[in-house]
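**Q** The structure is given below, and queries will be raised subsequently.
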Amino acid sequence: MNKDAQMRAAINQKLIETGERERLKELLKAKLIECGWKDQLKAHCKDVIKEKGLEHVTVDDLVAEITPKGRALVPDSVKKELLQRIRTFLAQHASL
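Letter by letter, the sequence shown follows residues 949 to 1044 in my numbering.
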C-alpha cells in the first residue's frame, strides 16, 4: 500500500471512529434532496427505463448509465461545503 492509500485509510478510519463519516453522509443526503438532485436523478432513471424498456434494463445497466450524470449534477456548493467540513475535521485531528 502506497503512502497516499495509507493516509486515505487512516483518515477514513478516524472519520468512522468519531462518527463524522455518518454525519457527513447525512449532511450530503439532506443537501442533495434540498437542491433537487434526487428528483433529477429519479427522472433520469425513468427516462432511461422508458427508452430501453423495462425488460431490457438491469440494475447494473441503470447504475452504469446514471452514475456519470449523478456525479455531474452534484452542485459545486455542496462539494465545497463537504470539502470544507472534511478539512476542518482534519485540522482538529491533526495527529493523523
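Cβ atoms here follow ideal geometry from the backbone N, Cα and C, with glycine treated the same way.
In angstroms with no decimal places, state the Cα-to-Cα distance between Gln-1032 and Ala-957.
**A** Between Gln-1032 and Ala-957, the C-alpha separation is close to 19 Å.
**Q** Give a yes or no on whether the C-beta atoms belonging to Cys-983 and Pro-1016 are separated by under 8 Å.
**A** Going by C-beta atoms, Cys-983 is not nearer than 8 Å to Pro-1016.
**Q** Applying the criterion that 16 or more other CB atoms from any shown protein chain within 10 Å of the CB defines a buried residue, is Leu-1038 buried or exposed?
**A** Counting Cβ neighbours within 10 Å, Leu-1038 comes out exposed, since fewer than 16 surround it.
**Q** Measuring straight from C-alpha to C-alpha, what distance separates Glu-965 and Lys-998?
**A** Their Cα atoms are separated by approximately 43 Å.
**Q** DSSP three-state call for Met-955: helix, strand or coil?
**A** Reduced to three states, the DSSP call for Met-955 is helix.
**Q** Just to confirm before moving on: does the CB-CB distance between Arg-969 and Leu-975 stay below 8 Å?
**A** In this structure, Leu-975 does not lie closer than 8 Å to Arg-969 by Cβ.
**Q** Return the CA-CA distance between Glu-1029 and Val-996, expressed in angstroms with no decimal places.
**A** Cα to Cα, the separation comes out at about 31 Å.
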